[in-house]
Amino acid sequence: MRITRHVYLVGSGHFGLSHAFDSSVYVVSCDDQLVMIDTGAGCEPEKIVENIEKENLEIEKLKTVLLTHSHADHSGGAHFFSENFGCDVFVSYLESDLVGTADERLLGLDVAKKSGFYSFDYVFHPCKRVKQLSDGDVVRCGKHVFKAIHVPGHSPGSLCFLIDLPEGRALFSGDTVFYDGVVGLLNIDTCDLSSYRKSIRKLDGLDVDMLFPGHGIFPVSRGQSHIDKAIDAMKRLQIPKNFI
Numbered sequence: 060m061r062i063t064r065h066v067y068l069v070g071s072g073h074f075g076l077s078h079a080f081d082s083s084v085y086v087v088s089c090d091d092q093l094v095m096i097d098t099g100a101g102c103e104p105e106k107i108v109e110n111i112e113k114e115n116l117e118i119e120k121l122k123t124v125l126l127t128h129s130h131a132d133h134s135g136g137a138h139f140f141s142e143n144f145g146c147d148v149f150v151s152y153l154e155s156d157l158v159g160t161a162d163e164r165l166l167g168l169d170v171a172k173k174s175g176f177y178s179f180d181y182v183f184h185p186c187k188r189v190k191q192l193s194d195g196d197v198v199r200c201g202k203h204v205f206k207a208i209h210v211p212g213h214s215p216g217s218l219c220f221l222i223d224l225p226e227g228r229a230l231f232s233g234d235t236v237f238y239d240g241v242v243g244l245l246n247i248d249t250c251d252l253s254s255y256r257k258s259i260r261k262l263d264g265l266d267v268d269m270l271f272p273g274h275g276i277f278p279v280s281r282g283q284s285h286i287d288k289a290i291d292a293m294k295r296l297q298i299p300k301n302f303i
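Taking our numbering, the leading residue of the sequence shown gets 60, the next gets one more, and so forth.
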């Protein structure tokens, strides 16, 4: 599904584009390269490849994967795209070991399976081509630059990726902030409201046009207004509306 001149939605359980476990999976066309933001859970990655090819994009140009965080619905497919297309996979240094080792306890998969988020036969395959990112690091693809913004809260290593495109400024926000100022608070040990409240202010004043969250609706204009709604609630010591 082409969203803008450069941005495509190629996977989503919410919209029925790929496996039900999948987060939103985006591809950005950057000159002669393709960049994928999040990979889905890895259950039916061939469907994501099929969606890419339906948009007349050359899958061979996919060499970079940016992960917003290590939760399985966002990163479980990293192994597939790394092994089959030679992609470098970028993720926060705080969560790179989780993607690289596939330890179910550290990933929180054991709890997620017991809670019914994943079936007990779901397998997270470790990804070996992992590169670490810190706050403020940039990933260059052609003439385009993705800036990593560390926003811990939903997970310790949650990243948002900011990029200026000809059609406007875009933020790929993972599960940090969604349409209408919704946030991704989970009742698990690694989700921290205090960190959320402090770090989400990093997204203030970015003048984001397009907001591409990890699930659901993606506003292609006035994206900052949705971010500001969550920030303002946190400033007033309120808990914003929650995605879960």
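No residue lacks a Cβ here, since even glycine has one placed at the ideal position from N, Cα and C.
Next item on the list: Report yes or no: do the stretch 260-278 and the stretch 81-91 share at least 3 C-beta pairs separated by less than 8 Å?
Entry: yes
Note to self: If you follow the alpha helix (DSSP H) that Phe231 is in, where does it begin and where does it stop?
What the structure shows: Run containing Phe231: none in the alpha helix (DSSP H); it sits in the beta strand (DSSP E), Gly227 to Gly233.
Margin query: Here's the rule I'm using: 16 or more other beta-carbon atoms within 10 Å means buried, otherwise exposed. How should Leu252 be labelled?
Written below: exposed
Next item on the list: Label Phe179 either buried or exposed according to how many other C-beta atoms from any shown protein chain fall within 10 Å of its C-beta, with 16 as the threshold for buried.
Entry: exposed
Note to self: Looking at the secondary structure, which residues open and close the beta strand (DSSP E) in which Gln191 lies?
What the structure shows: Val189 to Leu192
Next item on the list: Spell out a yes or no on whether the stretch 182-189 and the stretch 218-230 are touching, meaning 3 or more CB-CB pairs, one atom from each, closer than 8 Å.
Entry: no
Notebook entry, point to check: Is the beta carbon of Gly75 less than 9 Å from the beta carbon of Ala100?
Noted result: no
Margin query: Could you tell me the alpha carbon to alpha carbon distance between Asp90 and Arg64, rounded to whole angstroms?
Written below: 12 Å
Notebook entry, point to check: What is the DSSP secondary structure of Gly70, reduced to helix, strand or coil?
Noted result: strand
Notebook entry, point to check: Short check: CB of His213 to CB of Lys261, under 9 Å?
Noted result: no
Checklist line | Nearest-angstrom beta carbon gap, Gly240 and Cys325 [assumed within contact, 8 Å] | finding: Outside the shown range of the chain, which is 60 to 303, sits residue 325, and nothing can be said about it.
Next item on the list: On a CA-only basis, which of Ser254, Thr235, Ile303 and Asp147 is nearest Ile286? Give me that one, please.
Entry: Thr235
Next item on the list: Give the C-beta separation of Leu93 and Lys120 to the nearest angstrom, bearing in mind that I take them to be a contact with Cβ-Cβ under 8 Å.
Entry: 5 Å
Item checked: 8 Å contact criterion, which Gly282 and Met269 should meet: CB distance rounded -> 5 Å
Note to self: Just to confirm the assignment, what range does the beta strand (DSSP E) spanning His209 have?
What the structure shows: His203 to His209
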